[in-house]
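Colleague:
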């Protein structure tokens with residue numbers, strides 16, 4: 204939720220200063236990926252070719268059948284809102300580059316227009332380069348862990364501590380990937396040799412900076428890097444660094460929330476002074492919800508956790524359920540309140556926004572006169588479709604028919 208100073212967030216905080224801004228994990232991951240995809244011309248060009256590849260085959264059933272026959276799998280269109288589709292877009296190119304080239308080449312044998320032939324040749328020229336193999340391999344290795352974390356954040360039992368740990372592990376994975384350039388390059392060279400593609404990057408003319416009067420002649424010459432080193436520094440490193448920088452920036456609010464509530468489940472790793480300081484700060488901030496007795500409750504919880512709670516490393520939701528199952532909520536009322544506050548903070552609102560996207564199917568141009576009540580009722584039926592399918596509507600239909608009957612039998 205943007206608008207920290209003058210937007211929606213500022214208005215909500217003005218009405219309730221205790222409101223917590225919990226950014227949607229899925230949207231934040233999506234924005235990080237979008238920034239990385241727009242980080243340079245090479246990344247932008249690669250995804251343009253991926254989209255053009257889909258356009259070539261999707262505009263004709265005959266071409267699509269040709270693709271399925273040669274490759275055995277389909278290509279997908281890009282999406283700015285669902286980055287899981289980007290993984291499916293790049294995977295066919297990384298896994299079946301030879302068959303993709305064969306399928307695109309076969310389009311030249313069809314009866315196509317001059318403009319379409321030029322588009323086919325443009326895509327074919329890019330696919331036959333070592334740069335395409337490198338970009339496909341890099342993006343698969345980047346997008347797969349992002350998609351994996353995105354799926355985890357959309358699970359029913361995901362909480363903010365799960366989100367935080369997954370984001371931290373994603374940053375570690377990307378940092379480790381940044382150090383594996385030599386391995387990625389070696390793998391791509393083997394793939395290029397297998398498909399008869401020259402495993403070399405195109406060279407460009409060495410750039411020279413303008414030399415000023417107080418400089419020597421050699422100072423104006425920029426460092427002459429090899430094509431592989433230039434690609435590593437100007438493309439590969441930029442993609443990874445932009446991703447990591449955005450992950451650290453966009454999830455700052457998440458880390459602040461976790462630091463505020465972390466004493467609730469990390470008490471076994473803290474000493475009593477640290478627990479007391481954290482509890483006092485929390486009780487002062489939320490003085491209308493919890494009291495300073497939270498300090499004594501947390502210290503006592505740490506003491507009895509080893510004997511009463513077998514697993515001392517329970518996550519917040521499981522710890523709360525454990526306290527309820529043991530019927531000790533009256534002993535730890537403030538702890539339970541704080542745990543409920545934390546567990547109620549949403550990780551993602553992606554599921555809720557899918558409900559809004561359903562409205563495009565419910566209220567279309569043929570239903571332009573639909574009222575608000577009917578639209579809300581149909582939207583509720585669509586959202587709770589699984590529950591609606593289990594209901595018996597026979598009695599409802601019979602009652603409706605009796606109410607609308609014009610003849611009295």
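In my numbering, the protein residues as written are 204 to 612.
In this text, a Cβ means the ideal position worked out from N, Cα and C, and glycines have one as well.
#1: Within 10 angstroms of its Cβ, does residue 640 collect 16 or more other Cβ (buried), or is it exposed?
#2: Can you give me the start and stop residues for the alpha helix (DSSP H) that residue 539 sits inside?
#3: Which whole-angstrom value is the C-beta distance of residue 373 and residue 336, which I expect to be below 8 Å?
#4: Count the other C-beta atoms from every protein chain shown that fall within 10 angstroms of the C-beta of residue 369, then say buried if there are 16 or more, exposed otherwise.
#5: Applying the criterion that 16 or more other CB atoms from any shown protein chain within 10 Å of the CB defines a buried residue, is residue 401 buried or exposed?
#6: Please go through the same chain and pick out, in chain order, the residues whose beta-carbon is closer than 7 Å to the beta-carbon of residue 252, but skip the five residues on each side of it.
#7: In terms of residue numbering, what span does the alpha helix (DSSP H) encompassing residue 403 cover?
#8: Quick one: any contact between the stretch 213-220 and the stretch 429-448, if contact means 3 or more CB pairs under 8 Å?
#9: Residue 482 to residue 356, Cα distance in whole Å?
#10: Closest by CA to residue 463, which one among 399, 476, 472 and 480?
#11: Is residue 424 helix, strand or coil by DSSP?
#12: May I ask you to verify whether the stretch 452-459 touches the stretch 434-444, counting CB pairs closer than 8 Å and requiring at least 3?
#13: Please report how far the alpha carbon of residue 293 lies from the alpha carbon of residue 256, in whole angstroms.
#14: So does the stretch 538-548 actually touch the stretch 457-473, counting three or more Cβ pairs closer than 8 Å?
#15: Please classify residue 423: is it buried, with 16 or more other beta-carbons within 10 angstroms of its beta-carbon, or exposed?
#16: Let me know the alpha helix (DSSP H) ranges lying completely inside the stretch 331-374, each 4 residues or longer, listed in chain order.
#17: How about residue 210 and residue 551: do their beta carbons lie closer than 9 Å?
#18: Rounded to a whole number of angstroms, what is the C-alpha to C-alpha distance between residue 333 and residue 339?
Modeller: On the basis of the supplied data:
#1: Missing from the structure shown is residue 640; the chain here goes from 204 to 612 and no further.
#2: 536-546
#3: Contact flag wrong, Cβ pair sits at about 25 Å.
#4: buried
#5: exposed
#6: 326 and 329
#7: First-last for residue 403: undefined, no H or E at that position.
#8: no
#9: 28 Å
#10: 480
#11: Note that residue 424 scores a pLDDT of 48, beneath 50, so its modelled location is shaky; the value from the coordinates is reported in the next line. Note: residue 424 maps to strand in three-state DSSP.
#12: no
#13: 11 Å
#14: yes
#15: Low confidence applies here, because residue 423 scores a pLDDT of 48, under 50, leaving its location unreliable and the question unanswered by this model.
#16: 333-356
#17: no
#18: 10 Å
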